[in-house]
Structure formats: structure tokens, C-alpha cells
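Have a look at the structure below before the remarks.
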Amino acid sequence: MARLENIITSIHDIFMEYADDGGNKKQLNPEELKNLLEKEIQSPELKDKISVDAINEAMEMIDKNRDGEVNFREFCRCVCVLLNATTNLRWAKEAREARTERKMKKTDDNGVISQ
Ligand SMILES: [Ca+2]
Ligand SMILES: [Ca+2]
1 MARLENIITS IHDIFMEYAD DGGNKKQLNP EELKNLLEKE IQSPELKDKI
51 SVDAINEAME MIDKNRDGEV NFREFCRCVC VLLNATTNLR WAKEAREART
101 ERKMKKTDDN GVISQ
């Protein structure tokens with residue numbers, strides 16, 4: 001399977017796996033959402049974006065139609081927010097590294113030994 005297809009399938013499978021635990025089998029209740037976020041998000045940067053400790057806060061952010069559960073569309077929106085956050089962090093890191101590299105190169109051109 002192509003990489004993007006693989007990711008799309010994985011997103012669907014993860015949602016269905018956790019949504020299937022209780023109540024509506026195609027929606028995440030707050031407990032199911034908490035379990036999903038705890039187990040499937042490990043990096044501190046992303047944990048900062050969605051607080052598992054304050055699950056009501058996370059629920060408020062994700063549950064756009066205010067029915068108390070997260071449907072697949074709401075979950076996809078949440079994944080997009082996390083994808084954007086990850087991409088922004090990565091690009092910011094690359095920009096910082098490029099600036100540092102340029103500074104070091106400049107210093108070298110002036111004949112100063114850089115550290
Ligand atoms: Ca459910
Ligand atoms: Ca909802």
C-alpha cells in the first residue's frame with residue numbers, strides 16, 4: 001500500500017479501535033478519547049497541544065457539534081491540528097538550524113574560529 005493510503009487506513013483503524021469500546025461504536029466518548037490520546041500520542045510537544053489530564057478541555061476543543069462525543073469527522077480535524085502543529089515545530093527547528101549554520105559559516109569566512 002502507498003504510504004499516504006497506509007496513514008489514512010491507520011487513522012481510521014485507530015479511531016474505530018478506541019470508539020468500539022463502549023456506547024456508540026462509531027464515536028469516542030470522553031473515556032475512549034482519553035485512552036486514545038494517552039496511548040497514541042507520546043511526544044511532549046503534541047501532549048502540550050492536547051491535554052489528556054484536562055480531558056474536558058480537550059473534549060471542548062474537539063467536540064465541535066457539542067454532543068459530548070467525538071465523531072470521525074471531529075477526530076480527523078483533531079489529527080489535522082496535530083499534523084499542523086508538528087509541521088510548524090519541524091519547520092521552526094529547521095529554520096533555527098539554518099540560521100545557526102549561516103552564522104557559523106559567516107564566522108568562518110572572517111577567519112574567526114567558531115565553536
Ligand atoms: Ca464509543
Ligand atoms: Ca461531537
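For the sequence shown, the UniProt record's numbering gives the first residue as 1, with consecutive numbering after it. Heads up, the beta-carbon is just placed ideally off N, CA and C, and yes, glycines get one too. The structure displayed is predicted, hence computed values, not measured ones.
Lys-25 Cβ short of 7 Å to ligand 1 heavy atom set: yes
So what does Leu-28 bridge to, in DSSP terms? Val-70
In terms of residue numbering, what span does the alpha helix (DSSP H) encompassing Ile-7 cover? 3 to 19
Alpha-carbon spacing of Leu-82 relative to Lys-49, whole angstroms: 7 Å
Just how far apart, CA to CA, sit Lys-47 and Thr-107? 38 Å
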